[in-house]
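In my numbering, the protein residues as written are 415 to 594.
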């Protein structure tokens, strides 16, 4: 009899608390990965006017620092990851960047990098973006330590900023020269 009373009391308590529902409570879903995750593969050398750019055209080693500059600029808004298969990655944004041209003439000459980026978004058409950054070291600033790659850090940082700015509102077909 005592067990019956306890069982009835527990049943009454559960009913009063509402935990007797057979339906589990609704859980809030996390934001989709597409809005918070950008898959950023390694930066590649691209084709331009039928010519394949390669590492031999790049005296300054641009791809890895460029990828890092883009990642650094995007990290405030996104989780930036390398392409790794796994659940939820198919819903993420995919940002591919190709280097289309690199010019490093001499220690005092212009340093130019041209990139082409494609943003693939689930359920939307790809958005394309082109950017050119150029820096010229003034003659008065050239020293014995100045190399043909001395201005490359500024070019790479500027391109990272250009990509991050475009990612805020990725309109297809945008082209920038020195951020404008």
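Each residue gets a CB set at the ideal place from its N, CA and C atoms; glycine is no exception.
Quantities reported herein were computed from a predicted structural model and do not represent experimental measurements.
In chain order, what residues of the same chain lie with their CB nearer than 8 Å to the CB of residue i, ignoring the 5 residues before and after it?
{"i": "residue 539", "result": "586"}
{"i": "residue 481", "result": "454, 456, 457 and 511"}
{"i": "residue 448", "result": "The predicted model places residue 448 with a pLDDT of 43, which falls under 50 and marks its position as unreliable; any figure quoted below should be read in that light. So the qualifying residues of the chain are 505, 506, 507, 535 and 536."}
{"i": "residue 521", "result": "551, 556, 560, 561, 562 and 564"}
For the alpha helix (DSSP H) holding residue i, just list the boundary residues, first then last.
{"i": "residue 518", "result": "From DSSP, residue 518 is part of no alpha helix (DSSP H) but of the beta strand (DSSP E) over 507 to 518."}
Grab me the residues of residue i's own chain with a C-beta within less than 6 Å of its C-beta, minus the 5 sequence neighbours each way, in chain order.
{"i": "residue 568", "result": "549"}
{"i": "residue 512", "result": "458, 460 and 530"}
{"i": "residue 483", "result": "570, 571 and 574"}
{"i": "residue 582", "result": "none"}
{"i": "residue 479", "result": "570"}
{"i": "residue 589", "result": "544"}
Decide if residue i is buried, meaning its Cβ has at least 16 other Cβ atoms within 10 Å, or exposed.
{"i": "residue 552", "result": "exposed"}
{"i": "residue 574", "result": "buried"}
{"i": "residue 468", "result": "exposed"}
{"i": "residue 516", "result": "buried"}
{"i": "residue 519", "result": "exposed"}
{"i": "residue 564", "result": "buried"}
{"i": "residue 591", "result": "exposed"}
{"i": "residue 465", "result": "exposed"}
{"i": "residue 555", "result": "exposed"}
{"i": "residue 557", "result": "exposed"}
{"i": "residue 547", "result": "buried"}
Between the beta-carbon of residue i and the beta-carbon of residue j, is there less than 8 Å?
{"i": "residue 507", "j": "residue 542", "result": "no"}
{"i": "residue 526", "j": "residue 514", "result": "no"}
{"i": "residue 578", "j": "residue 488", "result": "yes"}
{"i": "residue 570", "j": "residue 476", "result": "yes"}
How far does the beta strand (DSSP E) with residue i in it reach, from first residue to last?
{"i": "residue 476", "result": "No beta strand (DSSP E) contains residue 476, which DSSP labels as neither H nor E."}
{"i": "residue 495", "result": "493 to 495"}
{"i": "residue 453", "result": "451 to 453"}
For residue i, which residues of its own chain have a beta-carbon under 7 Å away from its beta-carbon, when the five flanking residues on both sides are left out?
{"i": "residue 473", "result": "518, 562 and 563"}
{"i": "residue 485", "result": "454 and 494"}
query = Which full runs of the alpha helix (DSSP H) of 4+ residues lie inside the region 527 to 588, going along the chain?
reply = 566 to 582
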